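Numbering (the working numbering), first residue to last: 253 to 687.
We put the CB at the ideal spot given by N, CA and C, even for glycine.
All values reported here derive from a predicted model rather than from experimental measurement.
Notes to accompany the following structure.
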């Protein structure tokens, strides 16, 4: 029976998950594939660190060339992470005639167009299910399960770290700093959490998913990105009074031939399914013109969920090898020559509802002057909360009807210059359009 040889570059958390899935589910995989997936080599610069999964010593190497030059390895799994070294490994693997599976969303967000073109040129597969959504089969759903649809909207929670932090702030009233420390202690957040809490990781994933959904090249540079570090527990409390939860959402829409892609803290109605997604879980809502609404939910990271996604790619690539049909499905679902360079819709042109929290001195006519500026800029107020009297300043909280972001920025710029406003206005967008 023919074996499909696999080489693993990067023996970290996800790499251990891949080894465990290959080992524990070997019989199921062989029954589905018709041939065994044989892990032949594992490369990592640090082979001495303790890991939850062991590998026979003879399989280990610190030299990536032992994988790239092995003629019995047909698929290279890149789990190094980062940009430069990982890109070199993937390019070298493709140049050596090997198919590649990766979980590297940052690299694909930056250089995916180039690497997919190289794989196509070489007649090879570059698969990446684990790069977006961890164990959730989002890539396969968009590329295959929903291939008959015109996708109109994608929005969801694509970062478990940020969602865990916001969940703890909501449920326990923790500050951002305390919730982050807890997430780091539990292993949900890195020592340097910047990519997660600043929304960059989510933006990487949205750029990839949007390319597949809307038939465009990957354009990470066009994703408007904001993080959650500025969210205060008081805003979560006021949001609750208005009937909302705060989530870090990834949102992409094709609106009249213009593609909007944005990542930012968002208020979403408590009765929406995404509002109930807690902890380190991810969830993505997809709207297609034929299928209607689809919701995918599950663990967005972790050793075994992400390892599961990597091995699912290995099985797909191995099937194509056995059938002589590598690259059967275009990397971004659409034929490369059919990808469109549609116009970007910048966030200033987006129209949505808003939550504002003004911090102002408790003086006469404060509310009327703020309302007057909003009105002159075409911003209609839907609800207001003003609580308590204080020696210094008080919060004035408003929810608006839909307004153009450009007008909102103009109004807030004027309001924040008023002599009775004591701090910059807090702005959180509201997502009422969930279709």
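Look up residue 499 in the DSSP assignment and give the residues it is bridged to.
Locating residue 499 in the chain shown gives position 247, counting from the first residue. Under DSSP, the beta-bridge partners assigned to residue 499 are 518.
Residues in the same chain with beta-carbon distance under 8 Å from residue 335, minus the five sequence neighbours each way, listed in chain order, please.
Here residue 335 refers to the residue found at position 83 when the chain shown is read from its first residue. Excluding residues within five positions, the ones whose Cβ falls inside 8 Å are 358, 359, 362 and 363.
Could you name each continuous beta strand (DSSP E) segment of 3 residues or more that falls completely within the stretch 518-571, going from the start of the chain to the end?
Runs of the beta strand (DSSP E) inside the stretch 518-571: 533-540 and 544-551.
What does a CB cutoff of less than 8 Å around residue 297 pick up in its chain, not counting 5 residues either side in sequence?
Taking the chain shown and counting its residues from 1, one reaches residue 297 at position 45. Only 314 meet the Cβ criterion.
How about residue 518 and residue 681: are their beta carbons less than 7 Å apart?
On the chain shown, residue 518 is found 266 positions in, with the first residue counted as 1. On the chain shown, residue 681 is found 429 positions in, with the first residue counted as 1. Yes, these two residues count as a Cβ contact at 7 Å.
Coarse secondary structure for residue 653, derived from DSSP in three states
For the purposes of this step, residue 653 is taken as the residue at position 401 of the chain shown. Residue state, collapsed to three classes: coil.
For residue 588, which three-state DSSP category applies?
Working through the chain shown from its first residue, we reach residue 588 at position 336. Residue 588: helix per DSSP, three-state reduction.
Can you find the residues in the same chain that come closer than 6 Å, C-beta to C-beta, to residue 405, ignoring five residues on each side of it along the sequence?
Along the chain shown, one-based indexing puts residue 405 at 153. If we look at residue 405 and ignore the five residues flanking it on each side, its Cβ neighbours are 505 and 539.
Check whether the stretch 467-484 and the stretch 514-530 touch, using three or more Cβ-Cβ pairs below 8 Å as the test.
yes
Give me the DSSP bridge partner(s) of residue 608.
The residue you call residue 608 lines up with position 356 of the chain shown. DSSP lists 650 and 679 as partners of residue 608.
The alpha helix (DSSP H) spanning residue 361 covers which residue range?
Here residue 361 corresponds to residue number 109 of the chain shown, with the count starting at 1. Per DSSP, residue 361 belongs to the alpha helix (DSSP H) from 357-374.
Using the three-state DSSP reduction, which class does residue 354 fall into: helix, strand or coil?
Translated into positions along the chain shown, residue 354 becomes position 102. Correct three-state label for residue 354: strand.
Among 609, 434 and 664, which residue has its Cα nearest to the Cα of residue 625?
Counted from its first residue, the chain shown places residue 625 at position 373. The option with the nearest alpha carbon to residue 625 is 664.
Is it buried or exposed, residue 497, if we count other Cβ atoms within 10 angstroms and call 16 or more buried?
Numbered from its first residue, the chain shown carries residue 497 at position 245. By the 10 Å Cβ count, residue 497 comes out buried.
Span separating the alpha-carbon of residue 255 from that of residue 605:
As a first step, residue 255 must be located in the chain shown, where it is residue number 3. As a first step, residue 605 must be located in the chain shown, where it is residue number 353. Cα to Cα, the separation comes out at about 56 Å.
Is it the case that the Cβ atoms of residue 200 and residue 355 are separated by a distance below 7 Å?
Within the shown structure, residues of the chain are numbered from 253 to 687, placing residue 200 beyond reach of any answer.
Supposed close pair residue 294, residue 562 - CB separation, criterion 8 Å
Taking the chain shown and counting its residues from 1, one reaches residue 294 at position 42. Taking the chain shown and counting its residues from 1, one reaches residue 562 at position 310. Not quite, the Cβ-Cβ distance comes to about 13 Å (not below 8 Å), so this is no contact.
Please state the DSSP three-state secondary structure of residue 307.
What you label residue 307 is simply residue 55 of the chain shown in a count that begins at 1. It is coil, neither helix nor strand.
Taking its Cβ as the centre, do 16 or more other Cβ atoms sit within 10 Å of residue 222, making it buried, or is it exposed?
One cannot answer for residue 222 here, as it falls past the ends of the chain, which runs 253 to 687.
CA-to-CA distance, residue 594 to residue 507, given in whole angstroms:
In the chain shown, counting from the first residue as 1, residue 507 sits at position 255. In the chain shown, counting from the first residue as 1, residue 594 sits at position 342. Distance between the alpha carbons of residue 507 and residue 594: 11 Å.
Can you look up residue 277 in the DSSP assignment and give me helix, strand or coil?
Mapped onto the chain shown, residue 277 falls at position 25. Reduced to three states, the DSSP call for residue 277 is coil.
So, helix, strand or coil for residue 712, using DSSP?
This structure does not reach residue 712, given that the chain is present from 253 up to 687, and the question cannot be answered.
Exposed or buried, residue 547, counting other C-beta atoms within 10 Å across all chains shown (16 or more means buried)?
As a working note, residue 547 is residue 295 in the chain shown. Exposed.
Span of the alpha helix (DSSP H) around residue 436
Taking the chain shown and counting its residues from 1, the one referred to as residue 436 is at position 184. It spans 428-437 - the alpha helix (DSSP H) in which residue 436 sits, taken as one unbroken run.
Measure the alpha-carbon distance for residue 648 versus residue 499 and round it to whole angstroms.
Looking up residue 648 in the chain shown gives position 396. Looking up residue 499 in the chain shown gives position 247. Between residue 648 and residue 499, the C-alpha separation is close to 22 Å.
For residue 421, list the residues DSSP reports as bridge partners.
Translated into the one-based positions of the chain shown, residue 421 becomes position 169. Answer by DSSP bridge pairing: none, since residue 421 is not bridged.
Below 8 Å on the Cβ atoms is my contact criterion, and I expect residue 271 with residue 401 to pass it. Report the Cβ-Cβ distance as a whole number of Å.
Translated into the one-based positions of the chain shown, residue 271 becomes position 19. Translated into the one-based positions of the chain shown, residue 401 becomes position 149. The pair is not a contact, with the Cβ atoms about 36 Å apart (cut-off 8 Å).
Cα separation between residue 447 and residue 385?
Numbered from its first residue, the chain shown carries residue 447 at position 195. Numbered from its first residue, the chain shown carries residue 385 at position 133. Going by the C-alpha atoms only, they are around 15 Å apart.
So what's residue 265 in DSSP terms, helix, strand or just coil?
Here residue 265 corresponds to residue number 13 of the chain shown, with the count starting at 1. It is helical.
Rounded C-alpha distance that separates residue 590 from residue 344:
Counted from its first residue, the chain shown places residue 590 at position 338. Counted from its first residue, the chain shown places residue 344 at position 92. So the alpha carbons of these two residues sit roughly 27 Å apart.
Through-space distance from residue 578 to residue 276, alpha-carbon basis:
Residue mapping note: residue 276 aligns to position 24 of the chain shown, counting from 1. Residue mapping note: residue 578 aligns to position 326 of the chain shown, counting from 1. For residue 276 and residue 578, the distance between alpha carbons rounds to 27 Å.
Look up residue 673 in the DSSP assignment and give the residues it is bridged to.
Residue mapping note: residue 673 aligns to position 421 of the chain shown, counting from 1. DSSP, once it has assigned bridges, lists 612 as partnering residue 673.
Taking the alpha carbon of residue 292 as the reference point, which residue from 307, 592 and 612 has its own alpha carbon closest?
Mapped onto the chain shown, residue 292 falls at position 40. That would be 307, whose Cα lies nearest to the Cα of residue 292.
How big is the Cα-Cα spacing for residue 474 and residue 457?
Along the chain shown, read from residue 1 onward, the residue named residue 474 stands at position 222. Along the chain shown, read from residue 1 onward, the residue named residue 457 stands at position 205. C-alpha separation (whole angstroms): 13 Å.
Am I right that residue 610 and residue 651 are in contact with their C-beta atoms under 8 Å? What's the rounded C-beta distance?
Within the chain shown, the letter at position 358 stands for residue 610. Within the chain shown, the letter at position 399 stands for residue 651. Their Cβ separation, rounded to whole angstroms, is 13 Å, which puts residue 610 and residue 651 out of contact at 8 Å.
Residue interval of the alpha helix (DSSP H) (run including residue 466)
Taking the chain shown and counting its residues from 1, the one referred to as residue 466 is at position 214. Residue 466 -> alpha helix (DSSP H) spans 452-466.
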